[in-house]
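Structure first, commentary second.
Number of protein chains: 2
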Amino acid sequence: MKSEGEFGATAYTMLGLLSIRPMSGYDMRQMVGESIGHFWSESYGQIYPALKKMAEAGLVEKKTESSEGRPDRHVYTLTGAGRQRLEGWLEIPVKRGVVRNELLLKLFFGANAGAGVNAGHLRAFLEAEERLARVFAGIAAQLTKERKSDPQLPFWLITLSRGRHDALASIAWAKETLAVLDGLDAGGPVTQNEGQRKREEDGHGA
Amino acid sequence: MKSEGEFGATAYTMLGLLSIRPMSGYDMRQMVGESIGHFWSESYGQIYPALKKMAEAGLVEKKTESSEGRPDRHVYTLTGAGRQRLEGWLEIPVKRGVVRNELLLKLFFGANAGAGVNAGHLRAFLEAEERLARVFAGIAAQLTKERKSDPQLPFWLITLSRGRHDALASIAWAKETLAVLDGLDAGGPVTQNEGQRKREEDGHGA
DNA sequence: GGGTGCATGTAATGGGTTACATGATTCT
DNA sequence: AGAATCATGTAACCCATTACATGCACCC
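Right, dumping it as structure tokens:
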């Protein structure tokens, strides 16, 4: 079952990146890591073959730039056909992919874990999310300054905003859950629900 | 590079499920769909071979139950060795898996989309998350009643709570973002950041 | 001399879903 | 009559990461 004809999400990612500016496969890998790495990933093993196929199909155009002393760059440009394909793909409703969250899996089976194990995972997670939240805040601030007039800026901020909302929700949940685990150890049949109900009211007031 | 010796996450999921009660592969698939489907997935094509391998390794024990008129059930039980393996796995720090969020990808390239396309995706997402939030609330309520004394209940509620936090954060972000998109159409260089800062203070107050 | 960055590509490997094969029973 | 549920299992396929192969230049 093929969802979008002969090209998959990787190919459309490449088209999208080329809509920003002409690039080489190497550049794309860099951008995936730096700019969209928080919600997307691509590896060379996907990128290069995809580029080849798309060049054959006329969606991108390849030009070789030689500079002395280092490898040739194969710079790709978006063609008219390529841009059309991209626009078409953007319209296709998003089907949510399968989630696989190992932290939640381990917590689900947490009754089998030794003392402190669950809390340990949660603390590590909490720290990571707090770091992430700061990173997002930093990038947003920097981007807002440096790219003030870029027409794509608002869309980049949207994805960053999502990252922040997520991180903050994760932080709140992790703290709450650590408290619940504390209560379990102490003995009382404690209170996952009070925390939840309070949050829910907050959320609906948005 | 193998992370956990010869068994992957699928196998440990099976061990975890068997820690709840003896089950057949079919039962496991059901449970994955119903109970942990919001953060995990497994298919028959993974489950049956994994079970076979683990039986050979002595981590689970297989008993065949025959009932007339319908297929045999191969019911598996956790062995001592299996339980030990599970406990060991639970202690291993969680490495966060790669994320691939197609909605965010499309929004990132949203400047290339026709009028209303981005907002359309967001509204669909918003609805889905609102439905989800209600589902989580329902399950939590039901579970709290019906499994009042189950020692694993708190851990199930923890994963549900995570789902709720996530859904509520998604809802808030989606609403905010729809407003931002509205602003873009209207013309003003509007305000992703005011919304974000307000949320952030709320979050830190938890 | 050895790591890192630049730069392209292929092959091996792994993890996962879907489709297929089989077959009785029960619900619509 | 036809679909869905129960139940197990294999084979084909797809998508993706990692390792490998190559090679120059620059910095420590």
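Note that the protein sequences, when read in sequence, are chains A and B. Taking this note's numbering, the leading residue of the first sequence gets 328, the next gets one more, and so forth. Taking this note's numbering, the leading residue of the second sequence gets 328, the next gets one more, and so forth. By construction, the Cβ of each residue, glycine as well, lies at the ideal position given by its N, Cα and C atoms.
Residue i versus the options, residue with shortest Cα-Cα distance
{"i": "isoleucine 498 of chain A", "options": "A:Glu429, A:Phe452, A:Val426", "result": "A:Phe452"}
{"i": "valine 387 of chain B", "options": "B:Pro420, B:Gly364, B:Leu344, B:Trp367", "result": "B:Leu344"}
{"i": "threonine 404 of chain A", "options": "A:Lys422, A:Lys390, A:Glu457", "result": "A:Lys390"}
{"i": "alanine 408 of chain A", "options": "A:Ala464, A:Ser346, A:Asp512", "result": "A:Ser346"}
{"i": "lysine 380 of chain A", "options": "A:Arg397, A:Gly335, A:Arg400", "result": "A:Gly335"}
{"i": "glycine 510 of chain A", "options": "A:Lys472, A:Gly443, A:Arg410", "result": "A:Gly443"}
{"i": "leucine 430 of chain B", "options": "A:His365, A:Val507, A:Gly352", "result": "A:His365"}
{"i": "isoleucine 363 of chain A", "options": "B:Leu432, B:Gln469, B:Glu473", "result": "B:Leu432"}
{"i": "leucine 508 of chain A", "options": "B:Val507, B:Pro478, B:Leu508", "result": "B:Pro478"}
{"i": "serine 393 of chain A", "options": "A:Glu473, A:Leu470, A:Ser351, A:Lys472", "result": "A:Ser351"}
Helix, strand or coil at residue i according to DSSP, with G and I counted as helix
{"i": "serine 346 of chain A", "result": "helix"}
{"i": "valine 421 of chain A", "result": "coil"}
{"i": "serine 497 of chain B", "result": "helix"}
{"i": "aspartate 509 of chain B", "result": "helix"}
{"i": "lysine 472 of chain B", "result": "helix"}
{"i": "glycine 392 of chain A", "result": "The amino acid occupying residue 392 of chain A in the given sequence is glutamate; glycine does not appear at that position. Correct three-state label for glutamate 392 of chain A: strand."}
{"i": "serine 488 of chain B", "result": "helix"}
{"i": "alanine 338 of chain A", "result": "helix"}
{"i": "valine 426 of chain A", "result": "coil"}
{"i": "arginine 524 of chain B", "result": "In this prediction, arginine 524 of chain B has a pLDDT of 48, which is less than 50 and means its spatial position is unreliable; what the coordinates show is noted afterwards. Arginine 524 of chain B falls in the helix class under three-state DSSP."}
{"i": "glutamate 333 of chain B", "result": "coil"}
Rounded distance between the beta-carbons of residue j and residue i, thought under 8 Å
{"i": "methionine 358 of chain B", "j": "isoleucine 374 of chain B", "result": "Between isoleucine 374 of chain B and methionine 358 of chain B the Cβ distance is about 11 Å, and since that is not below 8 Å, they are no contact."}
{"i": "glutamate 369 of chain B", "j": "threonine 340 of chain B", "result": "6 Å"}
{"i": "leucine 342 of chain B", "j": "arginine 412 of chain B", "result": "6 Å"}
{"i": "arginine 397 of chain B", "j": "tryptophan 367 of chain A", "result": "That belief does not hold up - the Cβ atoms of arginine 397 of chain B and tryptophan 367 of chain A are roughly 45 Å apart, past 8 Å."}
{"i": "alanine 440 of chain A", "j": "leucine 417 of chain B", "result": "4 Å"}
{"i": "alanine 377 of chain A", "j": "threonine 337 of chain A", "result": "5 Å"}
{"i": "alanine 467 of chain A", "j": "leucine 487 of chain A", "result": "5 Å"}
{"i": "valine 402 of chain B", "j": "proline 349 of chain B", "result": "5 Å"}
{"i": "threonine 406 of chain B", "j": "glycine 385 of chain B", "result": "6 Å"}
{"i": "alanine 496 of chain A", "j": "alanine 496 of chain B", "result": "4 Å"}
N-terminal and C-terminal residue of the beta strand (DSSP E) that residue i is part of
{"i": "leucine 405 of chain B", "result": "397-405"}
Where the alpha helix (DSSP H) through residue i begins and ends
{"i": "alanine 382 of chain B", "result": "371-383"}
{"i": "glutamine 357 of chain A", "result": "352-361"}
Any non-hydrogen atom of the ligand FMN closer than 6 Å to residue i Cβ
{"i": "tyrosine 371 of chain A", "result": "You won't find the ligand FMN in this model; it holds no ligand whatsoever."}
Quiz prompt | Inter-stretch contact (C-beta, 8 Å, three-pair minimum) for the stretch 492-506 of chain A and the stretch 488-504 of chain B | solution = Taking 8 Å as the limit for Cβ pairs, the verdict is that the stretch 488-504 of chain B does touch the stretch 492-506 of chain A.
Quiz item: Would you call the stretch 465-482 of chain B and the stretch 425-443 of chain A in contact, with 3 or more CB pairs under 8 Å?
Solution: As far as the Cβ criterion goes, the stretch 465-482 of chain B touches the stretch 425-443 of chain A, which means the pair count is three or higher.
Quiz item: Between the stretch 406-424 of chain A and the stretch 444-461 of chain B, do three or more beta carbon pairs fall short of 8 Å?
Solution: The way I'd put it, the stretch 406-424 of chain A does touch the stretch 444-461 of chain B; three or more beta-carbon pairs between them come closer than 8 Å.
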